[in-house]
């Protein structure tokens with residue numbers, strides 16, 4: 001309440017209650033108005049005749065979901081988004097808030113408002129600020145802050161990613177009266193880079209009435225469904241097969257004008273240069289369904305299609321860094337409880353987030369995620385040009401030749417080595433022809449003078465060292481970023497429980513050995529090794545070897561072998577055991593078979609001997625192996 005009528009606007013004369021001051025003084029409420037300092041606005045401020053000071057009610061602030069905190073010298077008022085909107089200073093026993101528009105507090109709030117502008121601009125998949133204001137002012141969504149969003153500078157991502165062409169005038173009155181009456185469809189692709197799931201085409205469907213959009217990702221155009229109503233002139237839509245189908249189903253097929261996909265509404269091309277392009281398209285579709293406004297109805301596409309306002313409180317910036325709770329592994333007391341991840345979007349079938357687990361190299365759907373939207377997203381916008389250059393020049397021969405570190409005169413130990421020492425043991429690899437292919441050294445290869453140097457101290461030859469390229473999109477560090485080198489190893493307790501169960505059920509346990517197990521491991525990342533001493537190619541001395549599969553001596557080899565073996569068993573209807581992730585089991589109505597993996601050795605047993613024979617045959621058809629007989 002205030003005693004000065006000049007400080008309030010939109011004044012309305014309305015007699016209110018009588019206010020009692022300290023002592024015996026009283027004042028009459030004469031009307032109500034609005035008080036603002038340009039940033040914060042208070043409505044229904046009472047004008048009390050005779051009041052000597054402006055008073056702010058703490059209880060009414062709390063009723064408006066605002067939080068007030070007091071300290072020895074200051075007080076702060078925060079809104080429901082935890083943003084400071086007012087700051088007061090203490091004088092004697094009273095806290096005074098300066099509401100003048102020229103105070104320093106206004107500058108502080110202006111900077112915070114700018115951060116909120118760009119935060120929600122990115123969360124809504126780089127939607128324009130005019131639409132953001134319409135969503136906020138007209139209360140078309142829930143969860144969006146009550147601010148006026150302003151574009152204070154250019155957005156580099158918008159400038160690079162959005163192009164404008166001549167547009168078609170939209171109809172003033174829609175001829176469609178209900179959802180799903182007319183669908184617009186289009187396929188675009190192939191995209192230069194396959195998605196993580198191997199998809200290269202995007203199939204887009206837009207509802208004419210609500211503008212609600214669906215996206216589906218295809219490996220080829222032939223995967224597209226045939227329920228087409230309005231489309232472009234692509235051969236995937238304009239063909240005799242569809243004409244026959246439409247005639248049989250009495251469906252009318254229409255075509256848009258040639259080379260004008262705008263006539264199909266909101267369908268546009270996307271050319272993302274990373275493997276996450278499909279996730280980006282899917283997330284954009286999800287956010288735009290909940291943020292784009294249909295002018296004829298002044299409602300979002302989501303509300304038109306589902307008849308309720310969408311909530312966007314759960315929106316986050318695509319590509320931001322996040323931490324994922326690790327609930328799949330049996331963790332020790334001092335093990336990390338979370339994995340580093342990248343936010344990719346929202347699940348379409350459950351209330352979970354889609355995130356990329358950097359340690360597991362997989363996309364997961366989970367609700368147990370913490371987001372960091374303050375740092376750079378992945379990939380960083382400033383790295384886009386650099387990443388594209390890296391893609392194009394990765395296999396080009398460098399301008400500066402790499403000096404061949406192979407010594408001119410190799411030690412005579414190569415000639416003096418007995419043949420018995422060269423012959424590999426049964427457990428050692430016998431051939432690597434199918435594991436390597438020659439490739440030009442990357443132009444951004446980090447020189448390592450210690451690689452391939454001949455040992456002069458008589459030490460045994462070490463496996464070829466790995467070489468990592470610089471300017472990688474993500475800084476790589478062993479055990480953190482260049483995937484996980486740790487491989488699950490069977491615990492002694494798990495093996496003892498396995499044998500105890502076998503003794504209890506009175507069945508035999510057999511042992512088998514996988515020959516050259518690590519050579520079967522499939523790598524999920526690109527790995528290069530240098531040419532070994534004495535075997536440098538005379539024509540391509542600057543080339544390195546690109547591994548097709550894992551190799552003995554490679555730090556990722558144990559992990560790659562475990563992933564390959566576990567994937568094979570899971571594909572054959574085996575399940576992971578609860579006591580150990582290296583234990584696999586397969587249940588039948590009256591029998592069970594247990595399989596325990598210990599690196600390249602496997603022990604297995606079953607309540608039915610025939611199941612053991614079937615498992616032995618299954619393994620022999622997939623891997624080179626030898627049966628060691630019954631476990632003694």
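Residue numbers (the working numbering): 1 to 632. Even glycine gets a Cβ: it sits at the ideal position worked out from N, Cα and C. None of these values were measured; they are calculated from a predicted model.
Annotation for residue 282: the continuous alpha helix (DSSP H) segment containing it runs 277–289. Remark: fewer than three beta-carbon pairs, one from each stretch, lie closer than 8 Å, so the segment 299–310 and the segment 550–569 are not flagged as touching. Taking residue 367 as reference, the option from 358, 328, 324 with the minimal CA-CA separation is 324. Ranked by Cα distance from residue 125, the options 578, 339, 292, 615 are led by 292. Contact between the segment 602–617 and the segment 503–512 is present, with at least three C-beta pairs closer than 8 Å. Sequence-distant partners of residue 49 (beyond 5 residues in either direction) whose C-beta falls short of 6 Å from its own C-beta, in its chain, are 27, 28, 30. Straight across, the Cα-Cα distance linking residue 148 with residue 58 is about 25 Å. The DSSP-derived three-state label of residue 219 is coil. With respect to the 8 Å criterion, residue 35 and residue 7 are classified as neighbours on the basis of their beta carbons. If one requires a minimum length of 3 residues, the beta strand (DSSP E) runs lying completely within the segment 170–217 are 183–188, 201–207, in chain order. Spatial neighbours of residue 285 in its own chain (CB-CB distance under 6 Å, excluding positions within 5 residues in sequence) are listed in chain order as 213, 215. Take residue 119, set aside five residues on each side of it, and the residues of its chain with a beta-carbon closer than 8 Å to its own are 317, 373, in chain order. Residue environment for residue 632: exposed (fewer than 16 other C-beta atoms within 10 angstroms of its C-beta).
Residue 579 is not a Cβ neighbour of residue 502, given a cutoff of 8 Å. Here residue 129 carries a helix assignment [DSSP, helix/strand/coil].
The three-state secondary structure of residue 620, taken from DSSP, is helix. The continuous alpha helix (DSSP H) containing residue 497 extends over residues 492–505. By the 16-neighbour rule on beta-carbons within 10 angstroms, residue 500 is exposed. Annotation for residue 565: the continuous alpha helix (DSSP H) segment containing it runs 557–571. Per the coordinates, the alpha-carbon of residue 65 lies some 13 Å from the alpha-carbon of residue 42. The beta-bridge partner set that DSSP reports for residue 139 is empty. With respect to the 8 Å criterion, residue 73 and residue 90 are classified as neighbours on the basis of their beta carbons. Per DSSP, the continuous alpha helix (DSSP H) segment holding residue 301 begins and ends at 301–306. In the DSSP assignment, residue 58 falls within the unbroken alpha helix (DSSP H) covering 58–63. Bridge partners of residue 627 according to DSSP: 512.
Residue range 67–70 is occupied by the beta strand (DSSP E) that includes residue 69. Residue 11: member of the beta strand (DSSP E) spanning 9–13, first to last residue. The beta-carbon distance between residue 618 and residue 586, rounded to whole angstroms, is 11 Å. This is too long to meet the 8 Å contact definition. Residue 151 holds the alpha-carbon nearest to the alpha-carbon of residue 130 among 115, 145, 151, 116. In this structure, DSSP gives residue 54 a state outside helix and strand, which the three-state scheme calls coil.
Burial of residue 282 is indicated by the presence of at least 16 other C-beta atoms within 10 angstroms of its C-beta. From the listed residues 14, 356, 515, the smallest Cα separation to residue 321 is found for 356. Taking C-beta separations shorter than 6 Å and ignoring five residues to either side along the sequence, the partners of residue 203 in its chain run 187, 216, 218, 224, following chain order.
Rounded to the nearest whole angstrom, the CA to CA distance from residue 340 to residue 361 is 11 Å. Counting C-beta atoms within 10 angstroms of its own C-beta, residue 530 has 16 or more neighbours from the protein chains shown and is therefore classed as buried.
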